[in-house]
Amino acid sequence: MAALRDRPAAGKLLLLALAAVVLVPLVHSRWGGGIWPDALTADLSAPLGEVTDWIVSNRDNHPLFLYFFGHISNAVVLSVRGVYLVLLALGWAGVTVLAAAVAWRVAGIRLALTAAVSFLVCGLLGMWVPTMQTL
Numbered sequence: 017m018a019a020l021r022d023r024p025a026a027g028k029l030l031l032l033a034l035a036a037v038v039l040v041p042l043v044h045s046r047w048g049g050g051i052w053p054d055a056l057t058a059d060l061s062a063p064l065g066e067v068t069d070w071i072v073s074n075r076d077n078h079p080l081f082l083y084f085f086g087h088i089s090n091a092v093v094l095s096v097r098g099v100y101l102v103l104l105a106l107g108w109a110g111v112t113v114l115a116a117a118v119a120w121r122v123a124g125i126r127l128a129l130t131a132a133v134s135f136l137v138c139g140l141l142g143m144w145v146p147t148m149q150t151l
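According to our numbering, the sequence shown holds residues 17 to 151 in order.
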């Protein structure tokens, strides 16, 4: 990127080439007959299907899933569960006050009021648990 800053003409040429790569197929598909050019189509269904089949057949016994992705999955599940339990323990009033305070500190009173009203509506309508499950 530093080389492009030193040579503004090269940067403009690169930007023009990128715009052409995006705009030419779009213009052709819109006004050139209404269909996408076959030369610009890549069929990935067969390779992706093979990858999916391999994942499904090896997810219970391959070391990559057992010793790498399994631990990542466990860490994510435990983290999400911890946040969920903290939010439920605080209750809707506690989370409303906390969200309003953080929003006020970060962005001002308008966002604080928006956050407070949003969480108050969820709490007063009895939708707190589904709201926390969505978060």
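Glycine included, every Cβ here is placed at the ideal spot set by N, Cα and C.
Residues in the same chain with beta-carbon distance under 7 angstroms from residue i, minus the five sequence neighbours each way, listed in chain order, please.
i	result
W144	W108, C138
V118	none
V102	none
For residue i, which of the options has the nearest alpha-carbon?
i	options	result
T10	L101, I125, S134, L64	The first residue shown for the chain is 17 and the last is 151, placing residue 10 beyond what the model contains.
T130	L141, A115, L140	A115
Near residue i, what residues of its chain come up, given a Cβ to Cβ distance below 8 angstroms and the 5 sequence neighbours on each side ignored?
i	result
V93	none
Output needed for residue i: all residues of its chain with C-beta closer than 6 angstroms, excluding positions within five of it in sequence on either side, in chain order.
i	result
V41	Just to set this straight, residue 41 is Pro in the shown sequence, not Val. Cβ within range, chain order: L56.
In the DSSP assignment, find the unbroken alpha helix (DSSP H) run with residue i in it and report its ends.
i	result
Y83	No alpha helix (DSSP H) contains Y83, which DSSP labels as neither H nor E.
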